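Down below is the structure, laid out as structure tokens.
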Amino acid sequence: MAILDSTLDLQSFYPSDLKIFSVDDTEDKIIIHMHSVSTSCTCHRCGALLYRHHGSHHRTVQDLPILGKQVILDMQIYDYECDSETCKPFAPTETFDGFLNYNSRMTNRLEDFACVLAIETSCESSARIMKSMNIKISGDTVIRLLLKRYSAQPAKTCGSVIGIDDFAFKKRHTYGTIIVDEETHEPVAVLDGRDGVTLKNWLKQNKHVTAVTRDRASAYAKAVEEILPDCMQIADRFHLHQNLMTAVNKILGREVPATNDIPVTPPGKDTNSSAPEKKTGKKNRIDCG
Ligand SMILES: [Zn+2]
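First residue of the sequence shown? That's 442 in my numbering, and the numbers climb one at a time after it.
So, in structure tokens, the structure goes:
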């Protein structure tokens with residue numbers, strides 16, 4: 442049997458500017474004591490490269506767990522001086538190239554994991570799963586993380602052809618409007634309501650739109666007509682097909698009786714000798730939707 446002649450180097454899992462000087466391994470958590478040895482830092486406000494220490498502070502940060510044990514980073518890190526007038530008197534804290542957010546109590550990789558898990562499950566479910574992994578986080582914190590990341594995203598630009606449709610946040614209660622770029626097939630905006638008011642505000646900021654595909658409801662048609670009168674409006678194929686099937690079903694329901702008389706010939710009786718007896722049976726349901 443091969444014998445392992447090496448062990449994992451804990452330091453290799455952390456930025457080189459964060460030096461580990463001791464580790465406390467308790468029954469349910471691992472506390473890693475570390476301090477910064479950095480000599481420069483990028484200001485997260487103006488992007489300038491900074492070299493002068495302003496001071497240092499102590500911070501406790503949660504990281505991804507190790508074999509089911511909660512991991513706490515006990516850190517001593519630097520603040521830097523930024524000469525930019527827009528940043529003074531703010532002293533930027535080092536972020537170790539994306540390892541740490543300047544004011545977060547979690548490492549970025551733990552936030553990434555929490556957000557991915559929440560998107561795949563739900564905020565409360567993800568918090569329960571993470572609790573079982575010894576990650577201390579609440580459902581409310583997960584929501585705040587998702588909102589923070591959503592608001593940090595740059596505004597998406599869209600092409601000149603868009604698709605508009607409504608969707609339910611909660612069916613029969615709350616509805617929204619989604620706008621999709623028809624060239625990239627990616628959503629570019631999610632708006633509250635489906636009465637066209639929020640759509641008008643969005644169109645005022647995107648007057649380069651030249652064509653809109655939409656359903657046949659009047660709210661969106663009026664909003665587009667009012668803000669972009671020269672814009673081409675196209676009733677999309679999905680909604681035309683849906684409307685056609687609804688109309689066909691309505692006509693079938695009205696014109697075709699609910700029961701039909703089915704002719705029945707008794708055994709041994711000549712089918713041509715007499716008129717067939719009739720039996721009433723239920724018509725098979727026709728589903729055209
Ligand atoms: Zn700055």
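Ideal Cβ placement from N, Cα and C applies to all residues, glycine included.
In this text the structure is predicted, and so the values were computed from the model without any measurement.
Around the C-beta of Ile560, fewer than 16 other C-beta atoms lie within 10 Å, and the residue is accordingly described as exposed. Taking C-beta atoms as the reference points, Ser497 and Ile518 count as a pair closer than 9 Å. DSSP, reduced to helix, strand and coil, places Ile668 within a helical segment of the structure shown. Pairing Thr687 with Asp538, the inter-Cα distance amounts to about 57 Å.
Here the alpha carbon of Phe454 sits roughly 38 Å from the alpha carbon of Val631. It is roughly 17 Å from the alpha-carbon of Ala555 to the alpha-carbon of Ser592. Annotated three-state conformation of Asn542 is coil, per DSSP. Arg635 counts as buried, since no fewer than 16 other beta carbons sit within 10 angstroms of its beta carbon. The closest CA to that of Thr480, considering only Val512, Leu490, Ile472 and Ile675, is found on Leu490. Separation of the CB atoms of Phe540 and Arg486 is rounded to 18 Å, and the pair is thereby denied contact status at 8 Å. Taking the Cβ of Pro533 as the reference point, at least one heavy atom of ligand 1 falls within a distance shorter than 8 Å. Cβ neighbours of Val512 within its own chain (closer than 6 Å, five residues either side excluded): Ile471, Asp504 and Pro506. Close CB contacts of Asn647 within its chain, under the 7 Å cut and outside five residues either way in sequence, are with Cys599 (chain order).
Gln646 carries a coil assignment under DSSP once its states are collapsed to helix, strand and coil. Fully contained in the stretch 541-589 is no beta strand (DSSP E) run of length 3 or more. Assigned with DSSP and collapsed to three states, Tyr492 falls in coil, not helix or strand. In terms of CA proximity to Ile675, Gly604 leads the group Gly604, Ile584 and Leu459.
Of all alpha-carbon atoms in Gly637, Tyr492 and His474, the one lying nearest the alpha-carbon of Thr534 is that of Tyr492. Remark: the shortest separation between the CB of Cys528 and any heavy atom of ligand 1 falls under 8 Å. In this structure, Glu522 and His495 form a Cβ contact; the two beta carbons are roughly 5 Å apart against a cut-off of 8 Å.
Relative to ligand 1, the nearest heavy atom lies less than 8 Å away from the CB of Ser525. A residue is called buried once 16 or more other Cβ atoms fall within 10 Å of its Cβ, and Thr700, having fewer, is exposed. Where Gln517 is concerned, the enclosing beta strand (DSSP E) starts and stops at Lys510 to Tyr521. Shown here, Ala630 sits in a strand according to DSSP, grouped into three states. Distance between Tyr616 and Ile692, taken at the CA atoms: about 30 Å.
At the C-beta level, Met571 and Leu588 stay beyond 9 Å of one another. One Cα belongs to Lys577, the other to Ser566, and the distance between them is close to 13 Å. Boundaries of the beta strand (DSSP E) around Arg655: Ala652 to Arg655.
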